[in-house]
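Have a look at the structure below before the remarks.
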Amino acid sequence: MKIANPFKMNDWNIKKFLVVVLYTQFLVWILIAVDTLGMKIPVLRQLVCTIYLAFIPGLLILRTLRLHKLSNIESILYSVGLSISTLMFVGFIINIIYAMLGIYNPISIKYLIVTISLIVLVLSATSYFQDRKYSNPDFIEFSEIFSAKSLFLLLIFFLSMLGAVFINLYDAHYIYLSLVLLLILIAAIIACSNFFPEKLYPVAIFVSTISLLMSHSSISNYLRGWDIQVEYYLASLVIKNSFWDYSISLSNVNSSLSVVLLAPIFSIISNLNLIHTFKIVYPFIFSLVPVGLYQLFESQLQNKKLSYLSVFFFISFFVFYEEMLQLARQQIAELYLVLVLLLFFNDTIPKAKKSLLLIVFVSSVCISHYGLTYIFIFQLIAVICLVSLGLKLNIYRDSSETRIRKSFVLLFIVFSLAWYIYTSSSSAFISLILIGDQIYSSIFKDFLNPASSDGLSLVMMQTTSLWQYMSKLTHMIAQFFISIGALNLFVRYIPIKWSKEYTVLCFVSYVLLIASLIVPFLSNAYNTSRLYHIALIIISPLCIIGGIAFFKIIYSLFRANFSQKYMKKSIRALMIFFAAFMLFNSGFVSDIANNRIFSFVTSGMDMFAPCYNDREVQCAKWIYGAKNSETIYADEYRCLLLKGMNWTEAYNLPASVELGSNGSDVIVVDAKNCYLYLGTLNISGQIFLISYLKGEIFVRDYLKLGDILKNKIYSNGGAEMYY
Numbered sequence: 009m010k011i012a013n014p015f016k017m018n019d020w021n022i023k024k025f026l027v028v029v030l031y032t033q034f035l036v037w038i039l040i041a042v043d044t045l046g047m048k049i050p051v052l053r054q055l056v057c058t059i060y061l062a063f064i065p066g067l068l069i070l071r072t073l074r075l076h077k078l079s080n081i082e083s084i085l086y087s088v089g090l091s092i093s094t095l096m097f098v099g100f101i102i103n104i105i106y107a108m109l110g111i112y113n114p115i116s117i118k119y120l121i122v123t124i125s126l127i128v129l130v131l132s133a134t135s136y137f138q139d140r141k142y143s144n145p146d147f148i149e150f151s152e153i154f155s156a157k158s159l160f161l162l163l164i165f166f167l168s169m170l171g172a173v174f175i176n177l178y179d180a181h182y183i184y185l186s187l188v189l190l191l192i193l194i195a196a197i198i199a200c201s202n203f204f205p206e207k208l209y210p211v212a213i214f215v216s217t218i219s220l221l222m223s224h225s226s227i228s229n230y231l232r233g234w235d236i237q238v239e240y241y242l243a244s245l246v247i248k249n250s251f252w253d254y255s256i257s258l259s260n261v262n263s264s265l266s267v268v269l270l271a272p273i274f275s276i277i278s279n280l281n282l283i284h285t286f287k288i289v290y291p292f293i294f295s296l297v298p299v300g301l302y303q304l305f306e307s308q309l310q311n312k313k314l315s316y317l318s319v320f321f322f323i324s325f326f327v328f329y330e331e332m333l334q335l336a337r338q339q340i341a342e343l344y345l346v347l348v349l350l351l352f353f354n355d356t357i358p359k360a361k362k363s364l365l366l367i368v369f370v371s372s373v374c375i376s377h378y379g380l381t382y383i384f385i386f387q388l389i390a391v392i393c394l395v396s397l398g399l400k401l402n403i404y405r406d407s408s409e410t411r412i413r414k415s416f417v418l419l420f421i422v423f424s425l426a427w428y429i430y431t432s433s434s435s436a437f438i439s440l441i442l443i444g445d446q447i448y449s450s451i452f453k454d455f456l457n458p459a460s461s462d463g464l465s466l467v468m469m470q471t472t473s474l475w476q477y478m479s480k481l482t483h484m485i486a487q488f489f490i491s492i493g494a495l496n497l498f499v500r501y502i503p504i505k506w507s508k509e510y511t512v513l514c515f516v517s518y519v520l521l522i523a524s525l526i527v528p529f530l531s532n533a534y535n536t537s538r539l540y541h542i543a544l545i546i547i548s549p550l551c552i553i554g555g556i557a558f559f560k561i562i563y564s565l566f567r568a569n570f571s572q573k574y575m576k577k578s579i580r581a582l583m584i585f586f587a588a589f590m591l592f593n594s595g596f597v598s599d600i601a602n603n604r605i606f607s608f609v610t611s612g613m614d615m616f617a618p619c620y621n622d623r624e625v626q627c628a629k630w631i632y633g634a635k636n637s638e639t640i641y642a643d644e645y646r647c648l649l650l651k652g653m654n655w656t657e658a659y660n661l662p663a664s665v666e667l668g669s670n671g672s673d674v675i676v677v678d679a680k681n682c683y684l685y686l687g688t689l690n691i692s693g694q695i696f697l698i699s700y701l702k703g704e705i706f707v708r709d710y711l712k713l714g715d716i717l718k719n720k721i722y723s724n725g726g727a728e729m730y731y
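Under our numbering, the first residue of the sequence shown carries the number 9, and numbering increases by one thereafter.
Written out as structure tokens, the structure is:
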């Protein structure tokens, strides 16, 4: 039995296509009306409206543009990308135009649903008149969907959710550890055998990705992390006011529509609270990034197994499933970065339509994340310069027209500068100027100075345990393989047939990685681990190529011909390394070794990271409901929880309050007219986290908490408040 391929709806008969679209639209109206009348149906509105917002506008735009015969991956990614772009730009436009018409709450349910529904109906009519004659549906065998191999992959996702429940309720990690082993097993089976058919590789990538992301996102009922707190606060402000104030200069984040408009739109229409929007919807969108990378890598490597291994290496790095969950805006921006890269190296889409999609996606990168935008602009400028130089010197055998046009990059730069100058009181643009000035003024004075480079200080940092040393060693080996892969771009010890643009882009990204170690203040501004993660979006295949080249050199020392047999052995050896890499990055080894302070050497993550339990959240909510105008102080991580609820009334414990310190490692808190908030770890461990500048690098220290010369006014067994 066959069914029409739901991943290629833009190839369906137009009537069948519009029936699904309009049925979904009608169902959204019904569910919102039922909720408004107080007859709530659990989960259904959240599920249907999220699917509606994430897919329907994009599918209609693809149909209107008459884009057909896309792969499953392209169809899904372009649909989601176009849908999210539509939501962000529509939210931005109505935020301005409706206010001019005297409507001061445009980001509210009635105006959002009317506007988006109208756009869907207009696009439906347009797609009908534009594309009504096309019908070439693709079909999937029903037996393939419910085959044992497919179901095995899908069951892994449910295992990840069960693992998160056990961690939350019982602090039991064994299900999560089993999940890590299963993901490694799947990667090993794909790399070393033909057990899974190649068409299931993208499914395996998606399942592995969403399982990793959701197992980490589901830990704690509240948001955990750094930047996510200010993102939550600004998005909450938009929902509260039903309006986005683009002039707020509280943070550069206010210029990121991927947070201040996209999250409220999903939350309001789906009736999904903002915390769950960040913990469920955003990871789902972000899980499409590795799937897109698989298609990108396969277009260059021309080998599905090596492409899968490249993606597995990318998702194994802890930043992907740990730090990125704390950066909602960058999750969206990276999706658009991958979409832009896919379009650069796509030769099947007509030029005019490709140019239109590129403009939409690259502008979406800009309005999603300022940091990634600046890095991508630098990469594109460098690629254009180096490719032009190579063409003039006749270095490339391929003399075809370059895929990355100067006019496109110029448009990207102009749009980005205009956006960052005129939003958020120019704070994102000012940050760029300040970072550039700091790097320029210290490039020679502090070159290769660990005190001025967060990246170099991490490389030179002394390890304190065997597990830290081994974890650091896996990262050093990965970077060694990447370096060999970068060298192979020039010597071609392992033959590769990459396009000249991708080759140069890999080289530029590798240079960026090196710059994060040696250029003063670059890694301090962008964070070393995040720069590494961004570079891996492009250079992950270099690790595979470099590893194979390394083993080829080893075999040549024994005068063995590097045949297909040795190629397979090299891939198996690489898989063993990637298994170790995943085990250390995921915390598997440290958990088994009872070393609960996780040794993620490239970021310094530990068990005292900003992760909050229900009692800490309850105490924070209580104080904001009971306090007067005085300031609330807390240690650095607990302060983030308070700031997420009200950014302007919570502060880290300042130096003036620490004057009562008794000894070098004991804090005696005695400050007048303020509140002091203590979380679970402050109470149980009697420690307090402070941060301070050491040279030009922020250092975090846990100091022993001494006497608190204040009155306890609240305690719930997990958090306390003093005044």
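Where is the CB? At the ideal position from N, CA and C, for every residue including glycine.
Which listed residue (the options) has its alpha carbon closest to that of residue i
{"i": "Lys-480", "options": "Ile-492, Leu-345 and Met-590", "result": "Met-590"}
{"i": "Ile-429", "options": "Pro-272, Asn-176 and Ser-257", "result": "Ser-257"}
{"i": "Ser-699", "options": "Gly-693, Tyr-710, Tyr-501 and Ser-692", "result": "Tyr-710"}
{"i": "Ser-223", "options": "Ile-385, Leu-550, Leu-187 and Glu-509", "result": "Leu-187"}
{"i": "Asn-496", "options": "Phe-423, Ala-557 and Phe-63", "result": "Ala-557"}
{"i": "Val-299", "options": "His-284, Leu-317, Leu-282 and Ile-92", "result": "Leu-317"}
{"i": "Tyr-620", "options": "Ser-432, Pro-114, Leu-648 and Leu-126", "result": "Leu-648"}
{"i": "Lys-10", "options": "Ile-148, Gln-303 and Asn-681", "result": "Ile-148"}
{"i": "Leu-304", "options": "Asn-402, Ser-91, Ile-546 and Asn-202", "result": "Ile-546"}
{"i": "Leu-3", "options": "Thr-381, Ser-93, Asn-262 and Ala-658", "result": "Since the first residue of the chain shown is 9 and the last is 731, residue 3 is not available in this structure."}
{"i": "Leu-650", "options": "Ala-727, Asn-681, Met-575 and Asp-599", "result": "Ala-727"}
{"i": "Phe-437", "options": "Ser-259, Val-88 and Leu-474", "result": "Ser-259"}
{"i": "Asn-354", "options": "Val-27, Gly-398, Glu-306 and Leu-335", "result": "Glu-306"}
{"i": "Tyr-240", "options": "Ile-389, Val-527, Val-261 and Ser-255", "result": "Val-261"}
{"i": "Lys-359", "options": "Arg-413, Leu-314 and Ile-403", "result": "Arg-413"}
{"i": "Gly-444", "options": "Ser-201, Glu-152 and Val-527", "result": "Val-527"}
{"i": "Phe-137", "options": "Val-98, Ile-194, Leu-68 and Phe-97", "result": "Leu-68"}
Cβ distance (whole Å) where residue i is taken to contact residue j below 8 angstroms
{"i": "Met-653", "j": "Ala-634", "result": "Met-653 to Ala-634, Cβ: 13 angstroms. No contact."}
{"i": "Lys-712", "j": "Ile-691", "result": "Not really, about 13 angstroms apart at Cβ, beyond 8 angstroms."}
{"i": "Thr-58", "j": "Leu-131", "result": "Contact flag wrong, Cβ pair sits at about 19 angstroms."}
{"i": "Gly-555", "j": "Phe-489", "result": "4 angstroms"}
{"i": "Ile-192", "j": "Ala-587", "result": "5 angstroms"}
{"i": "Ser-548", "j": "Phe-294", "result": "Not confirmed; about 16 angstroms, so no contact."}
{"i": "Val-128", "j": "Ile-64", "result": "6 angstroms"}
{"i": "Ile-389", "j": "Val-417", "result": "6 angstroms"}
Contacting residues, own chain, Cβ-Cβ under 7 angstroms from residue i (five flanking each side not counted)
{"i": "Pro-50", "result": "none"}
{"i": "Val-215", "result": "Leu-161, Leu-162, Ile-164 and Phe-165"}
{"i": "Leu-120", "result": "Ile-273, Ile-276 and Ile-277"}
{"i": "Asn-229", "result": "Asp-622"}
{"i": "Ser-664", "result": "The predicted model places Ser-664 with a pLDDT of 42, which falls under 50 and marks its position as unreliable, so this point remains unresolved."}
{"i": "Gln-338", "result": "Met-332, His-377 and Leu-380"}
{"i": "Ile-102", "result": "Pro-114, Tyr-119 and Thr-123"}
{"i": "Leu-282", "result": "Tyr-240, Ala-243, Ser-244, Ile-247, Ala-271 and Ser-275"}
The ligand ADP heavy atom lying under 7 angstroms from the CB of residue i
{"i": "His-377", "result": "In the structure on display, the ligand ADP does not appear, and there are no ligands present to speak of."}
Proximal residues to residue i (C-beta, below 8 angstroms), its chain only, five neighbours per side dropped
{"i": "Tyr-86", "result": "Gly-66, Leu-70, Leu-75, Leu-78, Leu-347 and Leu-365"}
{"i": "Met-729", "result": "Cys-627, Trp-630, Ile-631, Tyr-683, Leu-684, Tyr-685, Leu-686, Lys-720, Ile-721, Tyr-722 and Ser-723"}
Close-in-space but distant-in-sequence residues of the same chain around residue i (CB under 6 angstroms, 5 per side omitted)
{"i": "Ser-168", "result": "Leu-187, Ser-219, Met-222 and Ser-223"}
{"i": "Lys-362", "result": "Leu-351"}
{"i": "Ile-561", "result": "none"}
{"i": "Ser-225", "result": "Lys-287, Pro-291 and Leu-333"}
{"i": "Tyr-60", "result": "Thr-32 and Val-36"}
{"i": "Ala-196", "result": "Met-583"}
Q: Mind listing, in chain order, the continuous alpha helix (DSSP H) runs of no fewer than 4 residues lying wholly within the stretch 272-348?
A: 290-294, 296-309 and 312-324
Q: Decide yes or no for the touch test of the stretch 569-583 against the stretch 516-529: beta carbon pairs closer than 8 angstroms, at least 3 of them.
A: no
**Q.** Entirely enclosed alpha helix (DSSP H) segments - the stretch 103-169, minimum 4 residues
**A.** 117-139 and 150-153
Q: Flag this pair as touching only if the stretch 34-54 and the stretch 270-288 have three or more C-beta atom pairs under 8 angstroms; answer yes or no.
A: yes
Q. Does the stretch 493-501 come close enough to the stretch 288-299 to have 3 or more Cβ pairs within less than 8 angstroms?
A. no
**Q.** Contact between the stretch 198-216 and the stretch 331-343 (3+ Cβ pairs under 8 angstroms)
**A.** no
Q. For the 8 angstroms Cβ check, are there 3 or more pairs between the stretch 263-270 and the stretch 365-381?
A. yes
Q) Is the stretch 137-150 touching the stretch 10-18 in the sense that three or more CB pairs, one from each, lie closer than 8 angstroms? A) yes
(Q) Does the contact criterion of 3 or more C-beta pairs under 8 angstroms hold for the stretch 244-256 versus the stretch 87-94? (A) no
Q.
To test your reading of the DSSP string, which unbroken alpha helix (DSSP H) runs of 4 or more residues are found completely within the stretch 49-95?
A. 52-72
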